[in-house]
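Enquirer: These protein sequence lines map, in sequence, to chains A and B. Count along the first sequence from 1, then add 1; that gives the number in my numbering. Count along the second sequence from 1, then add 34; that gives the number in my numbering.
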Amino acid sequence: MAYFLGLVVALAAFWLGMSGHNTPLILSLGGISLIITCILAYRLDIIDREGSPYVRLVGFLLYFPWLAKEIVKANISVIRACVKADLDIAPALVKVKTVCKSDLAKVTFANSITLTPGTVTVEIEGDKLLVHGLYEQDSQPEAFVEMDQRSARAIDGKGAAA
Amino acid sequence: MAEVFSDILGYWEIVRFPLGALMCFGGAILCLIGTVGVLRFPDIYTRLHAASITDTSGAALVLIGMMLISPGWLVISKLFAICVFIFLTSPTASHALANAAHTAGVQPIIGRVGTSEADGGDA
Numbered sequence: 002m003a004y005f006l007g008l009v010v011a012l013a014a015f016w017l018g019m020s021g022h023n024t025p026l027i028l029s030l031g032g033i034s035l036i037i038t039c040i041l042a043y044r045l046d047i048i049d050r051e052g053s054p055y056v057r058l059v060g061f062l063l064y065f066p067w068l069a070k071e072i073v074k075a076n077i078s079v080i081r082a083c084v085k086a087d088l089d090i091a092p093a094l095v096k097v098k099t100v101c102k103s104d105l106a107k108v109t110f111a112n113s114i115t116l117t118p119g120t121v122t123v124e125i126e127g128d129k130l131l132v133h134g135l136y137e138q139d140s141q142p143e144a145f146v147e148m149d150q151r152s153a154r155a156i157d158g159k160g161a162a163a
Numbered sequence: 035m036a037e038v039f040s041d042i043l044g045y046w047e048i049v050r051f052p053l054g055a056l057m058c059f060g061g062a063i064l065c066l067i068g069t070v071g072v073l074r075f076p077d078i079y080t081r082l083h084a085a086s087i088t089d090t091s092g093a094a095l096v097l098i099g100m101m102l103i104s105p106g107w108l109v110i111s112k113l114f115a116i117c118v119f120i121f122l123t124s125p126t127a128s129h130a131l132a133n134a135a136h137t138a139g140v141q142p143i144i145g146r147v148g149t150s151e152a153d154g155g156d157a
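1. Got a sec: is the Cβ-Cβ distance from Ser86 of chain B to anything in chain A below 8 Å?
2. How is the alpha helix (DSSP H) around Ile40 of chain A delimited, first residue to last?
3. So Glu37 of chain B is in the alpha helix (DSSP H); what residue range does that whole segment cover?
4. Report buried or exposed for Ser152 of chain A, applying the criterion of at least 16 other Cβ atoms within 10 angstroms of its Cβ.
5. For the 8 Å Cβ check, are there 3 or more pairs between the region 66-78 of chain B and the region 39-56 of chain A?
6. Could you check if Lys74 of chain A is buried or exposed, using at least 16 other CB atoms within 10 Å of its CB as the buried criterion?
7. Our contact map puts Glu124 of chain A next to Asn133 of chain B with C-beta atoms below 8 Å; I'd like the distance itself, whole angstroms only.
8. What does the alpha-carbon distance come out to for the pair Ala13 of chain A and Ala82 of chain A?
9. Which parts of the region 110-151 of chain B are runs of the alpha helix (DSSP H), unbroken and 4 residues or longer, counting only runs that do not cross its ends?
10. By the criterion of Cβ-Cβ separation under 8 Å, what are the contact partners of Pro105 of chain B in chain A?
11. Using only the alpha-carbon positions, how far apart do Ser140 of chain A and Lys98 of chain A sit?
12. For a test of the three-state rule: what should DSSP assign to Gly127 of chain A, helix, strand or coil?
So, in structure tokens, the structure goes:
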């Protein structure tokens with residue numbers, strides 16, 4: 002039920018943000034489209050943890066500022082690598098083990114790695130991620146431990162990242 | 035107190051346009067740097083790293099700059115939605131590219147790469 006309510010609220014907020022019209026006709030059309038979307042989502046059986054992840058929104062909102070800080074830090078080093086007169090990089094492939102349990106947490110962790118410039122998730126197998134990094138010294142498995150634990154805590158909830 | 039508040043709002047109205055323009059310009063510069071990186075780096079995996087500058091900081095700066103310039107909340111909410119979707123989809127696209135290259139058997143260049151080394155052409 003919480004997933005369903007989250008979906009309704011998110012769709013309504015999205016619709017209001019997109020349209021901006023307040024006349025009864027347009028609003029009722031929006032309401033009808035919302036109902037149809039909910040019926041379709043129910044028929045598709047996607048109103049679950051992954052289809053409507055809004056219950057974890059608070060955890061994610063706490064996680065995002067930290068991620069933004071990491072992105073800025075990584076951006077600076079990659080920008081420096083791009084504009085340096087001498088090309089000076091040391092690419093490496095590393096295997097990273099994750100503590101994330103659910104698929105959603107793994108996706109969040111892998112997306113966080115990819116979103117940070119200088120590291121790209123190449124492949125996921127079980128709880129191991131194959132990560133390609135631009136600098137060998139920056140992409141050792143230990144460098145991802147904090148991001149791993151934070152994304153696990155944000156999505157899987159407290160106690161998951163023991 | 036109300037006067038001070040309206041003063042701040044007035045200053046903000048003056049300041050936000052140059053600030054937004056400056057941020058858009060900064061984002062454009064970062065996109066340019068990302069493009070330079072794409073051209074300079076040796077293989078597909080390292081080029082993806084350069085492209086992710088354009089994805090993250092370049093796009094974010096341009097969008098925030100446009101939010102500062104925008105006339106109302108409606109435009110801001112749309113730009114915010116664009117921002118969210120870019121941040122959700124661009125790593126997925128990067129991962130799809132990297133995974134495709136990996137599955138196809140493209141071997142990444144490992145170890146130190148200097149300027150003297152010729153650019154590999156497998157991207």
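Ideal Cβ positions, reconstructed from N, Cα and C, are used throughout, including at glycine.
Expert: For this structure:
1. Taking the second sequence and counting its residues from 1, the one referred to as residue 86 of chain B is at position 52. It does: the Cβ of Ser86 of chain B has a partner Cβ on chain A nearer than 8 Å.
2. In the first sequence, counting from the first residue as 1, residue 40 of chain A sits at position 39. For Ile40 of chain A, the enclosing alpha helix (DSSP H) has its first and last residue at Pro25 to Leu45.
3. The sequence position of residue 37 of chain B within the second sequence is 3, counting from 1. Taken as a continuous stretch (DSSP letters only), the alpha helix (DSSP H) holding Glu37 of chain B covers Ala36 to Arg74.
4. Working through the first sequence from its first residue, we reach residue 152 of chain A at position 151. Counting the other Cβ atoms within 10 Å of the Cβ of Ser152 of chain A gives 16 or more, which makes it buried.
5. Note that the region 66-78 of chain B does not touch the region 39-56 of chain A; fewer than 3 beta-carbon pairs, one per stretch, sit closer than 8 Å.
6. Counting from one through the first sequence, the residue named residue 74 of chain A turns up at place 73. The residue in question, Lys74 of chain A, is exposed, as its Cβ has fewer than 16 Cβ neighbours within 10 Å.
7. Sequence index remark: in the first sequence, residue 124 of chain A carries index 123 (1-based). Sequence index remark: in the second sequence, residue 133 of chain B carries index 99 (1-based). 6 Å between Cβ atoms; contact.
8. Numbered from its first residue, the first sequence carries residue 13 of chain A at position 12. Numbered from its first residue, the first sequence carries residue 82 of chain A at position 81. Rounded to whole angstroms, the gap between the alpha carbons of Ala13 of chain A and Ala82 of chain A is 44 Å.
9. For the region 110-151 of chain B, not a single whole alpha helix (DSSP H) run of length 4 or above is found.
10. Indexing the second sequence from 1 puts residue 105 of chain B at position 71. Those within 8 Å of Pro105 of chain B in chain A number zero; the least Cβ separation is about 12 Å.
11. For the purposes of this step, residue 140 of chain A is identified with residue 139 of the first sequence, where counting begins at 1. For the purposes of this step, residue 98 of chain A is identified with residue 97 of the first sequence, where counting begins at 1. Going from the Cα of Ser140 of chain A to the Cα of Lys98 of chain A covers about 13 Å.
12. Mapped onto the first sequence, residue 127 of chain A falls at position 126. Looking at Gly127 of chain A - three-state DSSP - the assignment turns out to be coil, as it is neither helix nor strand.
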